[in-house]
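Engineer: This note's numbering runs 68 ahead of the 1-based position in the sequence shown. We put the beta carbon where it would ideally sit given N, CA and C, even for glycine. For reference, the structure I am asking about is given below.
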Amino acid sequence: MSQTARQPTNSGLTTTTAYYQPAALKALHTSTATSNSPSLKALSLEYQKLLKEPVEGFTVRLDDDTNLYKWHVGIFGPPDTLYAGGYFKADMEFPSTYPFAPPKVRFLTKMWHPNIYENGEVCISILHPPTEDPQSGEHPSERWNPTQNVRTILMSIISLLNEPNCSSPANVDARKFKDHKDYEYENIIKKQVNDSKVIAEQEGIVIPKTLDDYVAPSRSNKKTLTGGISRDDEDETDSMLGSENGNNLSDNDDDEEYMEDEEDEGR
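Below is the structure:
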């Protein structure tokens, strides 16, 4: 079970590095090393890489290190937006056919947004299956394809929060407020942000307040940020991640080659 220990950085930011645990990664690697499932292999690679190379503004973790099909995500509202200072929780559930089919993303934090359903489910093109749907008005290239990944999903969601697609709303009332009552719309968002701060405080989460705080830490200063990860631990994890077939998760070419191989197998 992954721990959610509070590990503030020098600037006061808790980032994905708070969940960087060599022992957990080792267990995860062991549990998937013998699996023939393309989806498990793809998710294992992505999860390990996100822990080592965090996406700014997000945290990811598993409730169960043996279940890679359900992730918990924490989203920090970016500075200089209506969502600045907010902490929004979501679940990502992956199908067994991933990466050939998209995951579902559902906010657990109450969200009032034109592209988020009342049940919290996110409505965005990148999460729609790659099928023809003339009714949607979406071009097939805007929909999911196997070259997409968790990183691109997270970046798309943070962009969507600040720039809703009001031409295809999931919450019509929110769209109306956005289009015609901007001041009231802003007040509702501000209340959501304030409510989320209470949750963050209860969970010991330190929310980034400045752009410098918000930016994800580099690998070079990870030991300082996590307050106790040794060089030996990092070396062990690096060796583990690169031990299978010469994989190097910091090399984008290897990731792309892996995805192409899996896509060929799926045909």
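So, at 6 Å on beta carbons, what are the nonlocal neighbours of tryptophan 180 in its own chain, with the 5 sequence-adjacent residues on each side left out?
Structural biologist: The beta carbon of tryptophan 180 sits closer than 6 Å to those of Ala242, Ile256, all from its chain and outside the five residues before and after it, given in chain order.
Engineer: Decide if aspartate 323 is buried, meaning its Cβ has at least 16 other Cβ atoms within 10 Å, or exposed.
Structural biologist: Since pLDDT at aspartate 323 reaches only 48, below the 50 mark, its modelled position is unreliable, and the value read off the structure follows with that caveat. By the Cβ-count criterion, aspartate 323 is buried, with 16 or more other Cβ atoms from all chains shown falling within 10 Å of its own Cβ.
Engineer: Sort Ala238, Asp281, Lys109 by Cα distance to threonine 134 and report the nearest one.
Structural biologist: Of the candidates Ala238, Asp281, Lys109, the one whose C-alpha sits nearest the C-alpha of threonine 134 is Lys109.
Engineer: Between isoleucine 221 and isoleucine 194, how many whole angstroms is the CB-CB distance? I'm expecting something under 8 Å.
Structural biologist: 6 Å
Engineer: Smallest Cα separation from tryptophan 139: which of Ser235, Ala158, Ile267?
Structural biologist: Ala158
Engineer: Is it buried or exposed for alanine 91, if we count other Cβ within 10 angstroms and need 16 for buried?
Structural biologist: In this prediction, alanine 91 has a pLDDT of 49, which is less than 50 and means its spatial position is unreliable; what the coordinates show is noted afterwards. Counting the other Cβ atoms within 10 Å of the Cβ of alanine 91 gives fewer than 16, which makes it exposed.
Engineer: Here's a check: name, in chain order, each residue in its chain whose Cβ is nearer than 6 Å to the Cβ of aspartate 300, leaving out the five neighbours to either side.
Structural biologist: Caution applies to aspartate 300, whose pLDDT of 40 falls short of 50 and renders its modelled position unreliable; the value that the coordinates give is listed next. For aspartate 300, where only same-chain residues beyond five positions count, there are no Cβ hits under 6 Å.
Engineer: If I follow the unbroken beta strand (DSSP E) through phenylalanine 144, where does it start and stop?
Structural biologist: 138-144
Engineer: Please report the Cβ distance between serine 142 and phenylalanine 126, rounded to the nearest whole angstrom; I am assuming they are in contact, meaning their Cβ atoms lie under 8 Å.
Structural biologist: The amino acid at residue 142 is misidentified as serine; the sequence shows glycine. That belief holds up - the Cβ atoms of glycine 142 and phenylalanine 126 are roughly 7 Å apart, short of 8 Å.
Engineer: Glycine 145 to isoleucine 267, Cα distance in whole Å?
Structural biologist: 14 Å
Engineer: Which of the three DSSP states, helix, strand or coil, is assigned to methionine 308?
Structural biologist: Reliability fails at methionine 308, whose pLDDT of 39 lies under 50, so the model's placement of it is uncertain and no value is given.
Engineer: Are the CB atoms of valine 240 and glutamate 124 within a distance shorter than 8 Å?
Structural biologist: no
Engineer: Pick from Pro197, Glu254, Thr215, Gln260: whose alpha carbon is nearest that of alanine 355?
Structural biologist: The shown model of the chain, from 69 to 335, leaves out residue 355, and the question about it has no answer.
Engineer: With a cut-off of 8 Å on the beta carbons, I'd call proline 147 and leucine 279 a contact; round off their distance for me.
Structural biologist: 5 Å
Engineer: With which residues is glutamate 189 paired in a DSSP beta bridge?
Structural biologist: Arg174
Engineer: In angstroms with no decimal places, state the Cα-to-Cα distance between serine 164 and leucine 136.
Structural biologist: Cα to Cα, the separation comes out at about 10 Å.
Engineer: Mind checking whether methionine 160 and proline 171 have CB atoms under 8 Å apart?
Structural biologist: For methionine 160 and proline 171, yes; Cβs fall inside 8 Å.
Engineer: Whole angstroms is fine: what's the gap from histidine 248's alpha carbon to arginine 219's?
Structural biologist: The alpha-carbon atoms of histidine 248 and arginine 219 are separated by roughly 33 Å.
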